[in-house]
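Protein chains in written order, with my numbering: chain V, 26 to 294; chain B, 66 to 333; chain L, 145 to 404.
For reference, the structure is listed below as structure tokens.
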Amino acid sequence: MENASGTAPQRGAVSFSGGSPLVIRGLAKEYVRGKAVLRGISLEIAPNGITAIIGPSGTGKSTLIRCINRLVEPTAGEILFEGRDLVRLPRKELREVRRLIGMVFQEYNLVERLTVIENVLSGRLGYVSPFKAWLRRFPPEDVREAFDLLDTVGLSGLALQRADALSGGQRQRVGIARALMQRPKLLLADEPTSSLDPKTSVEIMTLMRDLALARGIPAVVNIHNVDLARRFANRMVGLSGGSVVFDGPPEALTDLHLLSIYGGENWLE
Amino acid sequence: MTPAVLAEREWLRFTPAERLARFTVYFTIIAAIVVSVRTVEVIPEFIADAPEQIADLLRRMWPPDLAYYPQEIHDALIDSIHIATLGTVLGIAMALPFGFLAARNVTPFPWLNWAARLVLISTRSINTLVFALFFVAVFGPGPLAGTLAIAFHSIGFLGRLFSEALEVAATGPVEALRAAGAPWPSLIVYGYWPQVEPAFWALVLFRWDINVRESIVLGLVGAGGIGMVLDTAMNLFQWERVAMVLLAILAVVIVAEVVVTYIRKKII
Amino acid sequence: MAGVSLAVRPANWPLRLAWAGFALYLAYAFSHLDFTPARFITGLEFGQKFVAKLFPPDFHRWELLVKGLKESLEMAILASALGLLASLPLSLLGARNLMPAWITWPARLVMVVCRSFHPVIVAIVFVKAVGFGALAGILALTVASVGFLGKLFTEAIEEISLKQVEAVRATGAPFMSVVVFGVLPQVFARFIGFASYELDANLRNSTMVGIVGAGGIGGTLFAAFQRFDYDFVCAIILSIIAMIVVGEVLTNTVKRVFRV
């Protein structure tokens, strides 16, 4: 995917048979007028596998991820998911669509004072009435699935612990379980390992990749750590200055590309 | 999955004992409310009539008598502030010893703790107004009675919260000082005081703010300040003057809160 | 060790001037008190006789006492309940991290005005408006409760971690579910603490508003005072203290049940 001069920026104009579950076109975001954080991003996400977004801090990685489920409002562009343009959806339908997008956060974002099982079950909040949520009356199959998910992420027996009693790695596992509890069609992760130590980071990435592949859920993951990204993703998207400057498989990512993404010489040594 | 495993996968948010306890609390609260509603002596017609009566009163208060302010209100208002400030300072002076005595880590004698706590609870439970009634009867009407009332009632509030702050102070610095052979007063000054100081000032400011409000009311029983002006105006049905007094009170209270917020930002 | 100065911190002159100014102020305010040693000593003597008249406390009119206490208790309970009901939505509206400015500003203004007036003053106004008796007292205490609870609740809501709320929103939960699962767990413990504090405060205030005719034991107390019936006064005060202590014990139990 390199052009003749061996320098980086390439964009994959890929289309997938069977349609792409998530198509982003011309996504732009300005927090402050005149200072664009995202400049016309266009991407099509594969129906399977992990897409890693890499790039320096402040380049809009987090903004991009958050625009997809509109936790941040895009300034312009289209986001096509489940046959609808998310950018133009009214509130009620946006909520319905959000149920199908699971998200894992850098700081886990669990409700600290609630128990692990309650946090996992909160993935189903889009499907129960507020009154039932208050009484904690979730359907029994959901409760069973929650316990199963806890087993799958390796937290059996911790269901009744309060979330603030868990370690960072354990909390992120709960976060993953919560996202999967939604039975999502898309998984987003915003720097899921940035608050974890190296060993736990690998465990979490392994867990996310295995589960996403096994359940056929495409994942878009923001990662700080390029090596981690290379190891677990099957597609890398490099952002720099708000635009896509690299799009391809990890093997195609050379040091030269990294230079154009991150800038500066010495950090590669 | 076999039925036995299915049965395991149920989630009980609260154990039966916890359920019972929670239910009892809810039930008691609702029962208390229902009983109170039924037995409190309130004539229903009065409730229905209330909005109109209140509207009528508000009409009579408009427009507020602005000229009244320099005549009577200003001096009385300043008096109330004096009462509040002096009373708070006196209250601190009296509360500190009790605070130290009541803190179990500072005073390791249970009966002393207990006695100090008793004093603190009593002074907290007896309202400033009731203390004012006492002191007016003993020292005669005027700001002296008001100041003492504020001071005595503050003892309970300041003393208890102060002793609680002391009890959660870390023991490390104090132990180090004790190991170095420091005498008891030094333990207080260098060991405990630096730790509780921010909490102490926050407390004092909070109490002063409340005392400003309380001192306004003390005049109603003759203990000086703007309460007496308010009482007179009300007894003479001079509602525009009443309105002016109320506005002046509102202004003072808001100024006091602004001052307190400002000082708190500076020291914390 | 002679000659070693222990001055570790540089002299903070603005602060010292402020303290000096304050001391001067205190002296000035003190001079306003008409405080003479003679007056004080007479007062102390009189005070001694006075205290002697208080004891022993006279309980023989206990029916009147109980009636007054009961009314105070009812007033406190109802005012706390009404105050809680009114301040919960009001505090949500006043939370700057959840609501836009054009909603929070009026809500906060309402709470400030409710808080600024002493319950007794509010009670007087209500007595003039709705007549003597418990209704005026309940209304006055409710207004005070709304003011204090509203402010405390709003502060608690503004201190929550919005990250936890964001995650719940991202699952597609409706607004009320976000409140129930994201906001409430973070503030519930503090709410219980504030509510029990307010019940305690209302219990104490309900014993006072009677002095201006708004019902409760305050009226009985004031009447006894004016009749120089000091041993009855003592009985009343002891009962008030007892009631408040019992109230505290009960609220601590409630806090334990809800695992605060």
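Ideal placement from N, C-alpha and C gives every residue a C-beta, glycine not left out.
#### Entry: Under 9 angstroms from the C-beta of Lys399(L): neighbouring residues of chain B
Neighbourhood of Lys399(L) in chain B, by CB distance below 9 angstroms: empty, with the nearest CB roughly 10 angstroms away.
### Message
Closest to Leu52(V) by C-alpha separation, out of Arg113(V), Gln195(V), Ala239(V), would be which residue?
### Response
Selected option, being the one with the closest Cα: Arg113(V).
#### Entry: Leu382(L), DSSP secondary structure in three states
Helix.
### Coarse secondary structure for Leu279(L), derived from DSSP in three states
Secondary structure at Leu279(L): helix, using DSSP grouped into helix, strand and coil.
### Query
What residues from chain V crowd round Gly326(L), counting only those whose CB sits closer than 8 angstroms?
Under the 8 angstroms cutoff, chain V gives Val136.
### Task
Inspect the CB distances between the region 273-293 of chain L and the region 320-332 of chain B and report whether three or more fall short of 8 angstroms.
Contact between the region 273-293 of chain L and the region 320-332 of chain B is absent, because fewer than three Cβ pairs lie under 8 angstroms.
### Message
To be precise: take each residue of the region 77-97 of chain B, compare its Cβ to all Cβ atoms of chain V, and keep it if any distance is under 8 angstroms. Which residues remain?
### Response
The region 77-97 of chain B vs chain V, Cβ under 8 angstroms: Arg78.
### Message
If you reduce the DSSP assignment to three classes, tell me which class Ala244(V) lands in.
### Response
DSSP places Ala244(V) in strand when its eight states are reduced to three.
#### Entry: Check whether Ile385(L) and Ile191(B) have beta carbons under 9 angstroms apart
Contact flag set, yes.
### Message
Using a Cβ-Cβ cutoff of less than 6 angstroms, which residues in the same chain neighbour Gly363(L) once the five nearest sequence positions on both sides are dropped?
### Response
Excluding residues within five positions, the ones whose Cβ falls inside 6 angstroms are Gly354.
### Query
Nearest CA to the CA of Pro243(V): which residue from Phe163(V), Pro223(V), Ala204(V), Thr88(V)?
Residue nearest to Pro243(V) within the set Phe163(V), Pro223(V), Ala204(V), Thr88(V) is Ala204(V) (criterion: CA-CA distance).
### Query
Which bits of chain B does Arg203(V) rub up against, with CB to CB less than 9 angstroms?
Listed along chain B is no residue with a C-beta nearer than 9 angstroms to that of Arg203(V); the closest approach is about 15 angstroms.
### Query
Is there contact between the region 124-136 of chain V and the region 204-219 of chain V, where contact requires at least three CB pairs shorter than 8 angstroms?
With contact defined as three or more Cβ pairs closer than 8 angstroms, the region 124-136 of chain V and the region 204-219 of chain V are in contact.
### Task
Put Ile168(B) into one of helix, strand or coil per three-state DSSP.
Position check: residue 168(B) holds Ala in this sequence, whereas Ile was assumed. Here Ala168(B) sits in coil by DSSP.
### Query
Would Ile49(V) pass as a contact of Leu105(V) if the rule is Cβ separation under 9 angstroms?
Going by C-beta atoms, Ile49(V) is nearer than 9 angstroms to Leu105(V).
### Query
What residues from the region 209-234 of chain L come within 8 angstroms of chain B, judged by C-beta to C-beta, listed N to C?
Of all residues in the region 209-234 of chain L, only Lys214, Glu215, Leu217, Glu218, Met219, Ile221, Leu222, Ala225 place a beta-carbon less than 8 angstroms from a beta-carbon of chain B.
### Message
Quick check on Val141(V) - is its C-beta less than 9 angstroms from some C-beta in chain L?
### Response
The beta-carbon of Val141(V) is placed no less than 9 angstroms from the nearest beta-carbon of chain L.
### Query
Do you know how far the Cα of Asp215(V) is from the Cα of Ile147(V)?
A quick correction: the sequence has Ser, not Ile, at residue 147(V). If you take the alpha carbons of Ser147(V) and Asp215(V), they lie about 19 angstroms apart.
### Message
What are the residues in the region 67-95 of chain V lying within 8 angstroms of chain L by C-beta distance?
### Response
Here the close residues are Asn94.
### Task
Have a look at Arg189(B), Gly205(B), Gly237(B), Phe200(B) and flag the residue whose alpha-carbon is nearest the alpha-carbon of Ser219(B).
A check of alpha carbon separations from Ser219(B) across Arg189(B), Gly205(B), Gly237(B), Phe200(B) identifies Arg189(B) as the nearest.
### Query
In three-state terms, what does DSSP make of Val233(B)?
Residue state for Val233(B) is assigned as coil, using DSSP reduced to three classes.
### Message
For chain V, check one thing: does any of its Cβ atoms lie closer than 9 angstroms to the Cβ of Thr395(L)?
### Response
For Thr395(L), not one C-beta of chain V is nearer than 9 angstroms to its own C-beta.
#### Entry: Whole-angstrom C-beta distance between Arg278(B) and Val318(B), which should lie under 8 angstroms
Contact holds; Cβ gap of about 6 angstroms.
### Message
Which residue marks the beginning of the alpha helix (DSSP H) containing Arg84(B), and which one marks its end?
### Response
If you look at Arg84(B), you'll find it in the alpha helix (DSSP H) that goes 81-104.
### Task
Take Val322(L) and list the residues in its own chain whose beta-carbon comes closer than 7 angstroms to its own, dropping the five residues that flank it on each side.
Contacts found: Val309, Val312, Arg313.
### Message
Using a Cβ-Cβ distance cut-off of 9 angstroms, determine whether His204(L) contacts chain B.
### Response
Answer no: the Cβ-Cβ gap between His204(L) and chain B never drops below 9 angstroms.
### The beta strand (DSSP E) enclosing Met261(V), as first and last residue numbers
Secondary structure note for Met261(V): its beta strand (DSSP E) is the uninterrupted segment 260-265.
### chain L within 9 angstroms of Gly200(V), Cβ atoms only
It does: the Cβ of Gly200(V) has a partner Cβ on chain L nearer than 9 angstroms.
### Message
Within 9 angstroms of any Cβ in chain V, is that where the Cβ of Glu75(B) sits?
### Response
Chain V, which has a Cβ nearer than 9 angstroms to the Cβ of Glu75(B), makes this yes.
### Message
Under 9 angstroms, Cβ to Cβ, is there at least one residue of chain V near Gln370(L)?
### Response
No, because no Cβ of chain V sits closer than 9 angstroms to the Cβ of Gln370(L).
### Query
What three-state label does DSSP hand Ser175(L) in the structure shown?
DSSP, reduced to helix, strand and coil, places Ser175(L) within a helical segment of the structure shown.
### Task
Can you tell me which of Arg183(L), Ala164(L), Met219(L), Glu392(L) puts its alpha carbon nearest to the alpha carbon of Pro206(B)?
For Pro206(B), the nearest C-alpha among the options comes from Arg183(L).
#### Entry: Secondary structure of Asp189(V), DSSP reduced to three states
If DSSP states are grouped into helix, strand and coil, Asp189(V) belongs with the helices.
### Query
Terminal residues of the continuous beta strand (DSSP E) containing Val129(V)?
Val129(V) -> beta strand (DSSP E) spans 126-129.
### Query
Between the region 173-185 of chain L and chain B, which residues of the former have a C-beta closer than 9 angstroms to a C-beta of the latter?
In summary, the residues of the region 173-185 of chain L whose CB is separated from some CB of chain B by less than 9 angstroms are Ala173, Phe174, His176, Leu177, Asp178, Phe179, Arg183, Phe184, in the order they occur in the chain.
### Query
By Cβ distance, which residues of its chain are closer than 7 angstroms to Ser149(L), with the 5 residues on each side in sequence left out?
For Ser149(L), the predicted model reports a pLDDT of 48, less than 50, meaning its position is unreliable; a value from the coordinates is still stated below. Counting only residues of its own chain and dropping the five nearest sequence neighbours on each side, Ser149(L) has no CB closer than 7 angstroms to any other CB.
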